[in-house]
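Take a look at the structure below.
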Amino acid sequence: LWFEDNDLRTIFFCKGALETVKKFGWPPDIIHCSGWMSGLIPMYIKTAYKREPVFAHSKVVFTIGSNTFHENLGAEFLRRANIHTNISKKELDFYKEADNVSMFRGGAAFADAVTFGTDAPDDTLLKEFGKAKGKKVLPFSSWDTDLTEYLDLYNELASK
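The structure is reproduced here in structure tokens:
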């Protein structure tokens, strides 16, 4: 289902999740975001929340899924997503198309590692992040895969 206020819903969800972690003081080692709805969290962690002690050592994994919508989040999306003065226009530009692909692009760009959660990712994103420089990338293997590779990824990121 598509709702006209999905831009506000995703911003509220992303900020709400981070504010909850901050309020409870639970410093996460790994924040694993999956799908377009969480696409702003990696950028928020690296910009708006970068000086928050609770996130000081957190690493972000972002999972790119399949194209789940073809609509646009609207002309006001970038303005609304800019929740803090630490977020620059250059950082927001990853999301400028305000569509499904740009939410994945932005999430992956700010993540410390990228995984693929679908056997049919968008070709553009597969080309961009299939071999992302400086990032660990886990390709999709199968739906009944052994999770050892994810545990290894988490351990590697947590030890940095």
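Sequential numbering of the sequence shown, starting at 3, is according to my numbering.
Cβ atoms here follow ideal geometry from the backbone N, Cα and C, with glycine treated the same way.
Just so you know, these numbers come straight off a predicted model, no measurement behind them.
Query raised in the report: Of all the beta strand (DSSP E) runs that stay within the bounds of the region 92 to 155, which reach a length of 3 or more residues?
Result: Complete beta strand (DSSP E) runs here, min 3: 115 to 118, 138 to 140.
Query raised in the report: To the nearest angstrom, how far is it from the Cα of Phe142 to the Cα of Lys61?
Result: Residue numbering aside, residue 142 sits at position 140 when the sequence shown is read from its first letter. Residue numbering aside, residue 61 sits at position 59 when the sequence shown is read from its first letter. Using only the alpha carbons, I get a separation of about 20 Å.
Query - Bridge-paired residues (DSSP) for Thr65 - result: Start at 1 with the first residue of the sequence shown, and residue 65 comes out as number 63. DSSP, once it has assigned bridges, lists Ser36, Thr117 as partnering Thr65.
Query raised in the report: Would you call the region 41 to 61 and the region 89 to 106 touching, i.e. three or more CB-CB distances under 8 Å?
Result: These segments touch.
**Report entry** Sequence-distant residues of the same chain with beta carbon closer than 6 Å to Ile13, five excluded per side
**Finding:** The residue labelled residue 13 in the question sits at position 11 within the sequence shown. Cβ neighbours of Ile13 beyond the five flanking positions: Arg82, Ala83.
Query raised in the report: So, helix, strand or coil for Ile47, using DSSP?
Result: Walking along the sequence shown from the start, residue 47 turns up at place 45. Note: Ile47 maps to helix in three-state DSSP.
**Report entry** Test item: CB-CB of Phe64 and Ala110 under 7 Å
**Finding:** Position 62 of the sequence shown holds residue 64. Position 108 of the sequence shown holds residue 110. Yes. Within cutoff.
Query - For Lys17, the nearest candidate out of Pro29, Phe71, Glu78, His86 (CA to CA) - result: Here residue 17 corresponds to residue number 15 of the sequence shown, with the count starting at 1. Of the listed residues, the one whose Cα sits closest to Lys17 is His86.
Query raised in the report: For Arg82, which of helix, strand or coil comes out of DSSP?
Result: Position 80 of the sequence shown, counting from 1, holds the residue named residue 82. Residue state, collapsed to three classes: helix.
Report task. Give the straight-line distance between the Cα atoms of Pro44 and Glu151, rounded to the nearest whole angstrom. Result -> In the sequence shown, the residue the question calls residue 44 occupies position 42. In the sequence shown, the residue the question calls residue 151 occupies position 149. Distance between the alpha carbons of Pro44 and Glu151: 21 Å.
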